[in-house]
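**Q** Using our numbering, the letters of the sequence shown correspond one by one to residues 4 to 105. Where a beta carbon is used, it is the ideal one built from N, C-alpha and C, also for glycine.
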Amino acid sequence: MLDNNIYIYLLVASLTLYAIRALPLTFIKGEITNTFIYSFLYYVPYVTLSVMAFPAIITATSNLISGIAAFVVAVIVAYKDGNLFKVALASCIAVYITELLI
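Structure representation (structure tokens):
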């Protein structure tokens, strides 16, 4: 029963994603001049990525405290430097040290 429903789920998900992308292009013909709408649409991808990634960051380790430590270190290093490799490396080191101490 579940195998047959998977194709329906995939079809509904793909139609929903297509509608989300195609409908604004269909209805909005000109350039967006409203600053509120423009800034809202500008930040939607960043907020969506943050909402999806935050729980995974906190719960990815074996201990909640090491996940929180990695998140705090990642935010600080990203704010100071912004280099993705350095952020990932610092977060991994923070998890390693926190797991050793716990």
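1) Compare the beta carbon distance of THR101 and ALA72 with 8 Å and say whether it is the shorter of the two.
2) Is THR51 buried or exposed, if buried means 16 or more other CB atoms sit within 10 Å of its CB?
3) Which whole-angstrom value is the C-beta distance of SER106 and VAL90, which I expect to be below 8 Å?
4) How close, in whole Å, do the beta carbons of ILE60 and LEU67 come, if the pair is a contact with beta carbons under 8 Å?
5) SER94 and ALA77 - do their beta-carbons sit closer together than 8 Å?
6) Whole alpha helix (DSSP H) runs in the region 62 to 104 with 4 or more residues, listed along the chain?
7) Going by Cα to Cα distance, which pick from MET55, LEU44, SER65 and LEU28 is closest to ILE105?
**A** The answer reads as follows:
1) For this step, residue 101 is matched to residue 98 along the sequence shown. For this step, residue 72 is matched to residue 69 along the sequence shown. Their beta carbons are under 8 Å apart, which means THR101 touches ALA72 by this criterion.
2) Position 48 of the sequence shown, counted from the first residue, corresponds to residue 51. THR51 counts as exposed, since fewer than 16 other beta carbons sit within 10 angstroms of its beta carbon.
3) Residue 106 is absent from the structure shown; the chain starts at 4 and stops at 105.
4) What you label residue 60 is simply residue 57 of the sequence shown in a count that begins at 1. What you label residue 67 is simply residue 64 of the sequence shown in a count that begins at 1. At roughly 11 Å, the Cβ-Cβ gap does not stay under 8 Å, so ILE60 and LEU67 are not in contact.
5) Counting from 1 along the sequence shown, the entry for residue 77 is found at position 74. Counting from 1 along the sequence shown, the entry for residue 94 is found at position 91. Taking 8 Å as the Cβ cut-off, ALA77 and SER94 qualify as a contacting pair.
6) Qualifying alpha helix (DSSP H) stretches, in chain order: 67 to 83 and 87 to 104.
7) Against the sequence shown, residue 105 aligns to sequence position 102. Closest by alpha carbon: SER65.
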